[in-house]
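J.:
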Amino acid sequence: MNDDTQLARWLAGELDGPELEELKKSPRYATLMRIKENFEKIEQPALDANSMIETIFMQPKKAPKVVPLYQKAWFRGVAASIILLIGLGIVFTLPKKVDAPYGKTMAFTLPDRSEVLLNAGSESGYSSINWDNNRNIELDGEAYFEVAKGKTFTVTTALGTVTVLGTHFNVKARENRLDVVCYEGKVQVTYNGKSSVLTPHMALTVEDGQLAGGIYQVAANKPLWTGNTLSFSNEKLPAVLAEIERRYDVDIQTDYTTDRTFSGVLPANDIDGALKALSRLYHLKIQEHGTIILLKAVDAKR
Amino acid sequence: MKKPEIQDICNKLIFSAFFKAQAQTLRNYIYYKFGDKDLAEDITQDAFIKLWQHCAEVRNPKSFVYTVAKNNALNHTAYKKVVFNYAANNASTALDNQNPEYLLEEKEFRHKFDAAIAALTESQRTALLLNRVEGKKYKEIAEMLGISVKAVEKRIHGALIAMSEKIENFR
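If you read the protein sequences in the order shown, they are chains U and R.
For the first sequence, the numbering used here assigns the number 14 to the initial residue and increments by one for each residue that follows.
For the second sequence, the numbering used here assigns the number 3 to the initial residue and increments by one for each residue that follows.
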């Protein structure tokens, strides 16, 4: 019997039947219950997080320590340094690759403190040599960028190129469709020899080399996928399923085909909810075969 | 459970998310220790500033801010007083619960309750309030304070005994 932890276990609801009955007979029980009830009425003291974090970011960062290297036998030192420099040159010319596997998003910082958040199932690459004068990153998939002010910054995809100065924007290059949304600043999208400029809250879609629909508006200040929501604008069903596969790291197969595109949101943290919503809309049945999720059409005529 | 990925805390987006997840609890932990909200905010802010400045060298951001905050707290000993905010009484809007006798009795009880909290040892008080007000499980509290779950349970048990005695004997 742990007499010196009993009340902690009572509070956590861990006492078994007989122990609890015994405690209820104690003359102290009424007061304990009163204490417990009073706690339930108490609110957590709230913190003004936004103002504190602004203060934190205003602090100057300490400069990194610079350690000088002294060499006594400088002949040997020079030879060694030359070989080392050549070696480093080789290392630094290799493009840096950053990938986000299925099921994960990956955030990283570029040499000029620009920030990138890769969505699941995306790959990117850039060269850090002379970055400030040559800010170019290659992207296959989807990423959200917060670009520091500086010289021209470009995102190169197989479907088109996005050029900015200092801005916040989202680029999605999947299969044959490029979606770009501008959240802050100005963004130029070049595809197939044509180009369009986007200002804040404007977005465009290029599908099969053509501008699909016009330039449209987006209400949010940041892409929903950076939170817990997947959002789709006139996407074909296979593209929707592919995004679910990447975000949740699952395998979905279906024999159902349709021309009905999907516009709307699905949860990114509740796979059952996401699949149920889609199944209701397209009249599908969800079946699980081992690790594969099968979506079968309920009504064969549709 | 999968280990969390080591992510770049020098990245503003990641730092902000980490801050939003941890700062309130850290501030409240220090507040429960000393009953001084301004002091708690200063210590918390200072800990996160140090994290931001040393972001490239820190391996475990969570234990870093807790260690910095606790070290800073070692210099203080005085306890002011934790003041509780009570939620508006939704459950007892029934007329008979609003009668003056009931309200007076509730007010008196809360007075005894506050005195009982103030009479706890610092370790009893922080463990109990982290559980009851912050909603942290015993395992999480053990991690934050650097002690065993059993030690947390002992502190909470001791706190409840002390509080019930103090309240019953209040004259």
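We put the CB at the ideal spot given by N, CA and C, even for glycine.
Computed from a predicted structure; not experimentally measured.
#1: Name the chain U residues that come within less than 8 angstroms of E136 of chain R, Cβ to Cβ?
#2: Helix, strand or coil: how does DSSP classify T69 of chain R here?
#3: Please name the residue in R:H78, R:S65, R:F115 and R:F20 whose C-alpha comes closest to that of N171 of chain R.
#4: Quick check: what's the CA-CA separation for K72 of chain R versus D16 of chain U?
#5: Going by the CB atoms, is the gap between Y115 of chain U and E258 of chain U shorter than 8 angstroms?
#6: Listing by chain order, which chain U residues have their CB less than 8 angstroms from the CB of N87 of chain R?
#7: Let me see if you follow: with CB-CB separation under 8 angstroms, is Y68 of chain R close to chain U or not?
#8: Write down the C-beta distance between T122 of chain U and N132 of chain U rounded to the nearest angstrom, noting that I regard them as a contact closer than 8 angstroms.
#9: Chain U beta carbons: is any one of them nearer than 8 angstroms to that of D10 of chain R?
#10: I want to verify the contact list: residues of chain R whose CB lies under 7 angstroms from the CB of T68 of chain U, in sequence order.
#11: On a CA-only basis, which of U:G173, U:A216 and U:I48 is nearest G206 of chain U? Give me that one, please.
#12: Going by C-alpha to C-alpha distance, which of R:V84, R:V151 and R:L132 sits closest to A117 of chain R?
#13: Going straight from the alpha carbon of E145 of chain R to that of N87 of chain R, what length do you get?
#14: For V51 of chain U, would you say it is in contact with chain R, using Cβ-to-Cβ distances shorter than 8 angstroms as the test?
#15: Taking just the CA atoms, how far does T271 of chain U sit from L28 of chain U?
#16: Given this structure, state the Cα-to-Cα distance separating R61 of chain R from F21 of chain R, to the nearest angstrom.
#17: For A80 of chain R, which residues in the same chain have their Cβ closer than 6 angstroms to its Cβ, ignoring the five residues on either side in sequence?
#18: Quick check on the DSSP output: the beta strand (DSSP E) that includes G179 of chain U runs from which residue to which?
#19: Please return the same chain residues whose Cβ sits closer than 7 angstroms to the Cβ of G37 of chain R, not counting the five positions on each side in sequence.
#20: Under the three-state reduction of DSSP, which class applies to F356 of chain U: helix, strand or coil?
#21: How many whole angstroms separate the CB atoms of V160 of chain U and T180 of chain U, which I take to be in contact at a CB cut-off of 8 angstroms?
#22: Counting contacts by CB-CB distance shorter than 8 angstroms, is Y140 of chain R in contact with chain U?
#23: Using 8 angstroms as the threshold, is the C-beta distance between M65 of chain U and Q126 of chain R below it?
#24: What residues are listed by DSSP as bridge partners for Y146 of chain R?
#25: Any residues in the segment 16 to 37 of chain U with a beta carbon nearer than 9 angstroms to a beta carbon of chain R? Which ones, in chain order?
#26: For the segment 10 to 24 of chain R, which residues have a beta carbon sitting closer than 7 angstroms to at least one beta carbon of chain U?
#27: For chain R, check one thing: does any of its Cβ atoms lie closer than 8 angstroms to the Cβ of A120 of chain U?
#28: If you draw a straight line from the C-alpha of Y33 of chain R to the C-alpha of A42 of chain R, how long is it?
#29: Helix, strand or coil for P275 of chain U? Go by DSSP, reduced to three states.
#30: Take A59 of chain U as the anchor and find which of R:N13, R:V151, R:S65 and R:N30 has the nearest alpha-carbon.
#31: How many Å lie between A19 of chain R and D283 of chain U at the Cα?
#32: Measure the beta-carbon distance from W54 of chain R to F17 of chain R and round it to whole angstroms, keeping in mind my assumption that it falls under 8 angstroms.
#33: On the DSSP bridge list, what partners appear for G316 of chain U?
#34: Cutting at 8 angstroms between CB atoms, please list the residues of its own chain near E167 of chain R, excluding the five before and the five after it.
#35: With a 10 Å radius around its C-beta and 16 neighbouring C-beta atoms as the bar for buried, classify G160 of chain R as buried or exposed.
T.: The short version:
#1: Contact annotation for E136 of chain R against chain U: Q57 [CB-CB distance below 8 angstroms, chain order].
#2: Helix, per DSSP.
#3: Each of R:H78, R:S65, R:F115 and R:F20 was checked against the Cα of N171 of chain R, and the nearest Cα belongs to R:F115.
#4: Cα to Cα, K72 of chain R sits roughly 30 angstroms from D16 of chain U.
#5: Against a cut-off of 8 angstroms, the Cβ pair of Y115 of chain U and E258 of chain U comes out as a contact.
#6: Within chain U, the residues whose beta carbon sits less than 8 angstroms from that of N87 of chain R are I55, E56 and P58, listed in sequence order.
#7: Not a single C-beta of chain U is nearer than 8 angstroms to the C-beta of Y68 of chain R.
#8: Not quite, the Cβ-Cβ distance comes to about 17 angstroms (not below 8 angstroms), so this is no contact.
#9: Taking 8 angstroms as the CB threshold, D10 of chain R lines the interface with chain U.
#10: Ordered by position in chain R, the residues that pass the 7 angstroms Cβ test against T68 of chain U are Q47.
#11: That would be U:G173, whose Cα lies nearest to the Cα of G206 of chain U.
#12: That would be R:V84, whose Cα lies nearest to the Cα of A117 of chain R.
#13: Spanning the two alpha carbons is a distance of roughly 27 angstroms.
#14: It is worth fixing the name first, because residue 51 of chain U is Asn in this sequence and not Val. Yes - at least one Cβ of chain R is within 8 angstroms of the one on N51 of chain U.
#15: Between the alpha carbons of L28 of chain U and T271 of chain U lies a distance of about 57 angstroms.
#16: So the two alpha carbons sit approximately 16 angstroms from each other.
#17: Exclusion of the five residues before and after A80 of chain R leaves no residue of its chain whose Cβ lies closer than 6 angstroms to its Cβ.
#18: Neither: G179 of chain U is in no beta strand (DSSP E) and is coded neither H nor E.
#19: Excluding sequence neighbours, G37 of chain R sits near Y81, K82, K83 and V84.
#20: A query on residue 356 of chain U cannot be resolved here, the shown segment of chain U reaching from 14 to 315 and no further.
#21: The Cβ separation is near 6 angstroms, so the contact holds.
#22: So, interface residue.
#23: No, the pair does not count as a contact, with Cβ atoms beyond the cut-off.
#24: As written in the sequence, residue 146 of chain R is Met, which differs from the Tyr given in the question. DSSP output for M146 of chain R lists no bridge partner at all.
#25: Residues of the segment 16 to 37 of chain U that bring their beta carbon within less than 9 angstroms of a beta carbon in chain R comprise D16, D17, T18, Q19, L20, A21, R22, W23, L24 and A25, in sequence order.
#26: Look at the segment 10 to 24 of chain R: the residues with a C-beta under 7 angstroms from a C-beta of chain U are D10, C12, N13, K14, L15, I16, S18, F21 and K22.
#27: Taking Cβ atoms only, chain R reaches closer than 8 angstroms to A120 of chain U, which makes this a yes.
#28: The alpha-carbon atoms of Y33 of chain R and A42 of chain R are separated by roughly 5 angstroms.
#29: Per the sequence shown, residue 275 of chain U should be read as Phe rather than Pro. Three-state result, F275 of chain U: strand.
#30: Residue R:N30 is the option with its Cα nearest to A59 of chain U.
#31: Their Cα atoms are separated by approximately 20 angstroms.
#32: The pair is a contact, with the Cβ atoms about 7 angstroms apart (cut-off 8 angstroms).
#33: Residue coverage of chain U in this structure runs from 14 to 315, which leaves residue 316 of chain U outside it and unanswerable.
#34: There are no such residues.
#35: In this structure G160 of chain R is buried. Its beta-carbon is surrounded by 16 or more other beta-carbon atoms within 10 angstroms.
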